[in-house]
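Chemist:
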Amino acid sequence: MRTSTAARTGQYAALLGYLVFLAFPFLWLISIAFKPPRELASLHPTWIPENPTLDNFRQAFDEQPLLHAGLNSLLAALGAAVIAVLIATPMAYVVARRRGRLAKAATGWVVVSQAFPFVLVIIPLFLVLKNLGLINSVPGLVMVYVVWSLPFALWMLAGYVRAVPRELEEAAAVDGAGRLRTLVSVTAPLLAPGIVATALFAFITAWNEFFFALVLLKTPEKQTLPVILTHFIGAEGVADLGPLAAAAFLATLPSLVVFALIQRRITGGMLAGAVKS
Amino acid sequence: MTSVTESRRPAHRAPGPAAPRGAPDHGAWFLVLPALIPILVLSVGPLLYGILLAFTDAQSGRTEPTEWIGALNFQDLLHDTLFWESFRIGLVWAVGVTVPQFLLALGLALLLNQNLRLRWLARALAIIPWAMPEVVVGIMWRLVYNADAGILNETLRDLGLGNGHDWLSGLGTALPAVIVVGVWAGMPQTTVALLAGLQNTPRELHEAAAVDGAGAWRRFRTVTWPALRPVALAITALNLIWNFNSFALVYVLTNGGPGGRTRLPMLFAYEEAFRYGQFGYAAAMGCVMVAVIAILLAVFLAGRLRAASKGGDEA
Chain A
1 MRTSTAARTG QYAALLGYLV FLAFPFLWLI SIAFKPPREL ASLHPTWIPE NPTLDNFRQA
61 FDEQPLLHAG LNSLLAALGA AVIAVLIATP MAYVVARRRG RLAKAATGWV VVSQAFPFVL
121 VIIPLFLVLK NLGLINSVPG LVMVYVVWSL PFALWMLAGY VRAVPRELEE AAAVDGAGRL
181 RTLVSVTAPL LAPGIVATAL FAFITAWNEF FFALVLLKTP EKQTLPVILT HFIGAEGVAD
241 LGPLAAAAFL ATLPSLVVFA LIQRRITGGM LAGAVKS
Chain B
1 MTSVTESRRP AHRAPGPAAP RGAPDHGAWF LVLPALIPIL VLSVGPLLYG ILLAFTDAQS
61 GRTEPTEWIG ALNFQDLLHD TLFWESFRIG LVWAVGVTVP QFLLALGLAL LLNQNLRLRW
121 LARALAIIPW AMPEVVVGIM WRLVYNADAG ILNETLRDLG LGNGHDWLSG LGTALPAVIV
181 VGVWAGMPQT TVALLAGLQN TPRELHEAAA VDGAGAWRRF RTVTWPALRP VALAITALNL
241 IWNFNSFALV YVLTNGGPGG RTRLPMLFAY EEAFRYGQFG YAAAMGCVMV AVIAILLAVF
301 LAGRLRAASK GGDEA
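These protein sequence lines map, in sequence, to chains A and B.
Heads up: the first sequence begins at 1 in the working numbering, then just goes up one per residue.
Heads up: the second sequence begins at 1 in the working numbering, then just goes up one per residue.
#1: If you follow the alpha helix (DSSP H) that Glu221/A is in, where does it begin and where does it stop?
#2: Looking at the strands, I want to know which residues DSSP matches up with Trp68/B.
#3: Please confirm whether Ala282/B and Val119/A have their CB atoms less than 8 Å apart.
#4: Just to confirm before moving on: does the CB-CB distance between Val147/A and Ala28/B stay below 8 Å?
#5: At what residues does the alpha helix (DSSP H) containing Gly257/B begin and finish?
#6: For the 8 Å Cβ check, are there 3 or more pairs between the segment 84 to 92 of chain B and the segment 59 to 76 of chain B?
#7: Quick one: Cα of Ala147/B to Cα of Ile233/A, how far?
#8: Suppose only complete runs of 4+ residues qualify. What are the alpha helix (DSSP H) ranges in the segment 146 to 188 of chain B, listed by chain order?
#9: Output, in chain order, the set of chain B residues within a Cβ distance shorter than 8 Å of Ile87/A.
#10: Residues of chain B with CB closer than 7 Å to the CB of Gln11/A, please, in chain order.
#11: Please check the pair Leu228/B and Leu205/B, which I expect to be a contact at CB under 8 Å, by giving their CB distance rounded to whole angstroms.
#12: Return the residue from the list Asn72/A, Ile135/A and Phe152/A that minimises the CA-CA distance to Ala197/A.
#13: So what does Thr233/A bridge to, in DSSP terms?
#14: So which residues on chain B does Phe203/A lean against when the C-beta distance must stay under 7 Å?
#15: Pick from Val44/B, Leu40/B, Phe244/B and Met132/B: whose alpha carbon is nearest that of Val320/B?
#16: Report back the beta-carbon spacing between Ala94/B and Leu240/B to the nearest angstrom; my notes put them in contact at under 8 Å.
#17: Given this structure, state the Cα-to-Cα distance separating Arg304/B from Ala232/B, to the nearest angstrom.
#18: Exposed or buried, Ser185/A, counting other C-beta atoms within 10 Å across all chains shown (16 or more means buried)?
#19: Within 10 Å of its beta-carbon, does Asn56/A have 16 or more other beta-carbons around it, so buried, or fewer, so exposed?
#20: Please report the straight-line C-alpha distance between Phe201/A and Ile195/A, rounded to a whole angstrom.
#21: Using a beta-carbon distance below 8 Å, is Ile48/A in contact with chain B?
#22: To the nearest angstrom, how far is the alpha carbon of Glu50/A from that of Gly150/B?
#23: In terms of alpha-carbon separation, which member of Leu42/B, Pro226/B and Trp130/B lies closest to Gly182/B?
#24: At a Cβ cut of 9 Å, what residues of the segment 204 to 236 of chain A count as close to chain B, listed as they run along the chain?
#25: Report yes if the CB atom of Val32/B is closer than 8 Å to the CB atom of Met91/A, and no otherwise.
#26: Does the separation of the CB atoms of Lys35/A and Asn136/A fall below 8 Å?
#27: Assign Pro17/B to one of two classes, buried (16 or more other C-beta atoms within 10 Å of its C-beta) or exposed (fewer than that).
#28: Taking the alpha-carbon of Leu238/B as reference, which of Arg162/A, Ala172/A, Val112/A and Pro165/A has the nearest alpha-carbon?
#29: Using a Cβ-Cβ distance under 8 Å, would Phe274/B count as near chain A?
#30: Cα separation between Glu6/B and Ala96/A?
#31: Between Ile69/B and Phe55/B, is the Cβ-Cβ spacing less than 8 Å?
#32: Check distances from the C-beta atoms of the segment 60 to 81 of chain B to those of chain A and list, in chain order, the residues that come in under 9 Å.
#33: Is it right to say Arg219/B is buried, meaning 16 or more other beta carbons lie within 10 angstroms of its own, or is it exposed?
#34: Any contact of the segment 35 to 44 of chain B with the segment 74 to 92 of chain A, i.e. 3+ C-beta pairs under 8 Å?
#35: Taking C-alpha atoms, which residue in Ala7/A, Pro117/A and Leu253/A lies nearest to Ile204/A?
Given below as structure tokens:
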């Protein structure tokens, strides 16, 4: 389509505006993370640190158990991702291949689960996990994360199953392979990339999660990164800016990297889902 | 969710011989149970239990047994002006975030749908708000809004626009300030959903309209928007719910302050439950939130459906 020069200029100006809006908070976070205290106290802050330093990172590790929290986050996110995908894949297969009441109920649950406020679920969960002795434990948190990421995992995986041509399975069945055999040797390998993408997405959601972790984890040695990060902000909302920025920057890196890897798959899945629903 | 590939192969809707429609199949149950049991035990169960708790005087760390008190919590809630104030703030926040977010995301989606040079950069940057933990988003914007060391005030000083502001602790500025963060944080998802809708609009129609001499606005109104409406409707409804229920962002930014001006319903219910231990009362709050969300959604969807059926005539 032809577009006039004026319109083009307008489009680029708008795009530039969006780029600035999207980028500037993150650039500022990075800038603060590398600034020495003297520059942070300056009344005229600059974008680029004049004497960049890694002191904030060192201090962040000194002030809070970041390494330990990172390990807790890693355990919680890995556990949630692996278990969620393991139990969601078979169900997603059934939901995708059979258009019965079960498939409808599963889709309905995905929608409903997005709508209710977590406070209505967390109070009973808190009581149940307390009775099981699973409060203030990473395994307890993993249980919650698994269930919490199941609806979306089901949704994504069912989409990947539908993309596997049915004829392949039928051909295997004709060749005499049983149902399980067909699933394992024909369908599963074709699903592998989708399963990995779903697992990584579940990993990021759990890595970033805050509310359940805040409620369920009580002591610093059990807490995950997002909860530990809030400890940098004191009770009066006063924060030591440099270490806070450094810790926040570090906590973001894993999800940024993972997300960059699977971004196309997620947006692709979301595109298809949005178009079809 | 369905995949892109499937939409190109509608022929496979027909049931294959391997899985006859509706036939009893015990193997299927075997595959479903590993996911179904945890969902029922840890999600559906607690949800129902939560609704029951709303009718009790459950409290944390109390020795007397919990008693059934009927609708008493709801009666108390009716007179709890602080709760209704937080409810009002929640609605202002949900609409205040969702509407600008939708407009900005629509603009960005339209731009990204054009053949522009910096598209890849916008795509790459859009990953940041999407992938970031909400806690970090909150922390990051605290640094931006910081009265002395923040870049916002420094930029305003450079532009000669006053001496800066304490944005997050000002009674009048706190809610708008957190709303801006909400818009920023949720823009990528909305943009991607709308971009999907745009890529679904038939390009030929666009070209035909352009040949007929239709201007950009007319093309948008008659070709783009009708195709985009279902996606726009779905994403707006979801965004309203998500925003109304949001917690982490505002918890980190203001923790509900100053003076409760940004205390969203979830923050209120969280404090009630886990600071004051009033489990039953907090559960009642959750129930009211669900009920109001359901009603709002029903009204919203009914209105949109009526508009859609009317709009059908002109299309």
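Idealized CB from N, CA, C, for every residue including glycine.
Modeler: Taking the coordinates as given:
#1: Walking along the first sequence from the start, residue 221/A turns up at place 221. Segment: none, Glu221/A is in no alpha helix (DSSP H) and carries neither H nor E.
#2: Indexing the second sequence from 1 puts residue 68/B at position 68. According to DSSP, which records beta bridges pairwise, Trp68/B is partnered with Thr56/B.
#3: Residue 282/B sits at position 282 when you count from the first residue of the second sequence. Residue 119/A sits at position 119 when you count from the first residue of the first sequence. Closer than 8 Å, so yes.
#4: Looking up residue 147/A in the first sequence gives position 147. Looking up residue 28/B in the second sequence gives position 28. Not closer than 8 Å, so no.
#5: Taking the first residue of the second sequence as 1, we reach residue 257/B at position 257. Here Gly257/B belongs to no alpha helix (DSSP H), and DSSP marks it neither H nor E.
#6: no
#7: As a first step, residue 147/B must be located in the second sequence, where it is residue number 147. As a first step, residue 233/A must be located in the first sequence, where it is residue number 233. Whole-angstrom Cα-Cα distance: 15 Å.
#8: 151 to 158
#9: Against the first sequence, residue 87/A aligns to sequence position 87. Ordered by position in chain B, the residues that pass the 8 Å Cβ test against Ile87/A are Pro34, Ala35 and Pro38.
#10: Counted from its first residue, the first sequence places residue 11/A at position 11. Under the 7 Å cutoff, chain B gives Leu111, Gln114 and Leu116.
#11: As a position in the second sequence, residue 228/B is number 228, starting the count at 1. As a position in the second sequence, residue 205/B is number 205, starting the count at 1. Contact doesn't hold; Cβ gap of about 13 Å is too wide.
#12: Taking the first residue of the first sequence as position 1, residue 197/A is located at position 197. Cα-wise, what sits closest to Ala197/A is Phe152/A.
#13: Sequence index remark: in the first sequence, residue 233/A carries index 233 (1-based). Correcting the residue type first, residue 233/A is Ile in the shown sequence and not Thr. Its beta-bridge partners are Ala239/A.
#14: For the purposes of this step, residue 203/A is taken as residue 203 along the first sequence, with counting starting at 1. Residues of chain B passing the Cβ test: none, with the nearest at roughly 11 Å.
#15: The structure shown does not extend to residue 320/B, since chain B is modelled only from 1 to 315, so the question has no answer here.
#16: In the second sequence, counting from the first residue as 1, residue 94/B sits at position 94. In the second sequence, counting from the first residue as 1, residue 240/B sits at position 240. The pair is a contact, with the Cβ atoms about 5 Å apart (cut-off 8 Å).
#17: Here residue 304/B is taken as the residue at index 304 of the second sequence, counted from 1. Here residue 232/B is taken as the residue at index 232 of the second sequence, counted from 1. Approximately 11 Å, taken between the alpha carbons.
#18: Taking the first sequence and counting its residues from 1, one reaches residue 185/A at position 185. Ser185/A should be labelled exposed.
#19: Taking the first sequence and counting its residues from 1, the one referred to as residue 56/A is at position 56. Asn56/A comes out buried.
#20: For the purposes of this step, residue 201/A is taken as the residue at position 201 of the first sequence. For the purposes of this step, residue 195/A is taken as the residue at position 195 of the first sequence. Answer to the nearest angstrom: the Cα atoms are 10 Å apart.
#21: Taking the first residue of the first sequence as 1, we reach residue 48/A at position 48. Chain B contact via Cβ: absent.
#22: For the purposes of this step, residue 50/A is taken as residue 50 along the first sequence, with counting starting at 1. For the purposes of this step, residue 150/B is taken as residue 150 along the second sequence, with counting starting at 1. Approximately 17 Å between the Cα atoms of the pair.
#23: The residue you call residue 182/B lines up with position 182 of the second sequence. The option with the nearest alpha carbon to Gly182/B is Trp130/B.
#24: Ile204, Trp207, Asn208, Glu209, Phe210, Phe211, Leu214, Val215, Leu225, Pro226, Val227, Leu229, Thr230, Phe232 and Ile233
#25: Residue 32/B sits at position 32 when you count from the first residue of the second sequence. Residue 91/A sits at position 91 when you count from the first residue of the first sequence. For Val32/B and Met91/A, yes; Cβs fall inside 8 Å.
#26: Walking along the first sequence from the start, residue 35/A turns up at place 35. Walking along the first sequence from the start, residue 136/A turns up at place 136. No, the pair does not count as a contact, with Cβ atoms beyond the cut-off.
#27: In the second sequence, residue 17/B corresponds to position 17, counting from 1. Summary for Pro17/B: the model assigns pLDDT 43, below 50, so the residue's position carries little reliability; its value from the coordinates is reported in the next sentence. Flag for Pro17/B reads exposed.
#28: Counting from one through the second sequence, the residue named residue 238/B turns up at place 238. Checked all of Arg162/A, Ala172/A, Val112/A and Pro165/A; the closest Cα to Leu238/B is Val112/A.
#29: The residue given as residue 274/B occupies position 274 in the second sequence. So yes, Phe274/B belongs to the interface.
#30: Within the second sequence, residue 6/B is the residue found at index 6, counting from 1. Within the first sequence, residue 96/A is the residue found at index 96, counting from 1. Bear in mind that the predicted position of Glu6/B carries a pLDDT of just 39, short of 50, making it unreliable; the figure below should be weighed with that in mind. Their Cα atoms are separated by approximately 11 Å.
#31: Taking the first residue of the second sequence as 1, we reach residue 69/B at position 69. Taking the first residue of the second sequence as 1, we reach residue 55/B at position 55. It is a contact, given that the beta carbons lie within the stated cut-off.
#32: Ser60
#33: Stepping through the second sequence from its first residue, residue 219/B is reached at position 219. It counts as buried.
#34: yes
#35: For the purposes of this step, residue 204/A is taken as the residue at position 204 of the first sequence. Ile204/A has its Cα closest to that of Leu253/A, out of Ala7/A, Pro117/A and Leu253/A.
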